[in-house]
Amino acid sequence: MDTNLMDGAPTPLPTRFSAQEALVCAMVLMGVSDRGMTDAELAAMSRLVRELPAFGDFHAGEIDTVTEVVLGLLDQADGLDRASEMIRDALPPRLRETAYLLACEIAAADGEASQEELRFLQDFRIALDIDRLIAGAIERAAKARFQVL
């Protein structure tokens with residue numbers, strides 16, 4: 001994470017993310033979109049970071065660092081927009097769909113998406129410039145993965 005150091009600022013906020021940090025940021029934003037992150041969402045984040053090739057040398061322990069940065073960004077008036085822009089800027093177009101998928105996976109992890117989570121997904125899709133049909137397919141796939149008998 002690159003930071004913009006300002007005199008007197010106790011914790012500098014980042015000016016950009018690495019691609020892996022941006023993917024984690026997408027998951028964290030989804031997790032906090034309904035004002036609280038569940039144990040199921042945290043477990044899903046750790047599992048995805050451990051298992052997906054996109055996270056190759058990224059360690060699950062770094063989720064905490066990215067989470068703190070995201071919470072700092074969200075304390076800003078334009079924090080959600082800024083975080084979404086930083087994600088978009090950090091990722092090539094092919095990985096923006098991955099970021100959207102990861103957000104959907106976190107939304108589905110605890111059983112059902114809340115209205116806040118659905119609203120976040122809609123805004124996130126627009127921020128990442130993901131086609132509505134592609135987004136719908138990604139959403140449906142995430143939902144299907146978490147179906148129970």
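Mapping the sequence shown onto full-length UniProt numbering, position 77 (from 1) lands on 77, and the numbers just tick up by one.
All C-beta atoms in this analysis are idealised placements derived from N, C-alpha and C, irrespective of residue type, glycine included.
Proximal residues to residue i (C-beta, below 7 Å), its chain only, five neighbours per side dropped
i, result
"I130", "R96, E97, Y100"
"K88", "Note on identity: in this sequence residue 88 is Arg, with Lys being the wrong assignment. Same-chain partners within the cutoff: R96, A127, L128."
"A135", "Y100, R125"
"I63", "V24, M45, S46, V49"
"S114", "D34"
"L102", "L23, A26, M27, L48"
"T38", "D110"
"R82", "L73, Q76"
"L91", "A19, A22, A99"
"L71", "none"
Contact test: residue i Cβ vs the ligand MN heavy atom, cutoff 7 Å
i, result
"T65", "In the structure on display, the ligand MN does not appear, and there are no ligands present to speak of."
6 Å CB neighbourhood of residue i in its chain, flanking five on each side removed
i, result
"F146", "A108"
Sequence-distant residues of the same chain with beta carbon closer than 8 Å to residue i, five excluded per side
i, result
"S84", "L29, D123, F124, A127, L128"
Supposed contact pair residue j and residue i - C-beta distance, whole angstroms, cut 8 Å
i, j, result
"G56", "E41", "In fact, because the Cβ distance is near 23 Å, the residues do not count as touching under 8 Å."
Segments of 4+ residues assigned as alpha helix (DSSP H) that fall wholly inside the UniProt domain "Co-chaperone DjlA N-terminal" (21 to 131): Counting only unbroken stretches of 4 or more residues, the alpha helix (DSSP H) elements lying wholly within the UniProt domain "Co-chaperone DjlA N-terminal" (21 to 131) are 39 to 51, 62 to 74, 79 to 90, 93 to 109, 115 to 128, in sequence order.
Cβ contact check for the stretch 48 to 64 and the stretch 129 to 143: 3 or more pairs under 8 Å: Touching, no, given that fewer than three Cβ pairs across the two stretches are closer than 8 Å.
Contact between the stretch 102 to 122 and the stretch 16 to 34 (3+ Cβ pairs under 8 Å): Under the Cβ criterion (8 Å, minimum of three pairs), the stretch 102 to 122 counts as touching the stretch 16 to 34.
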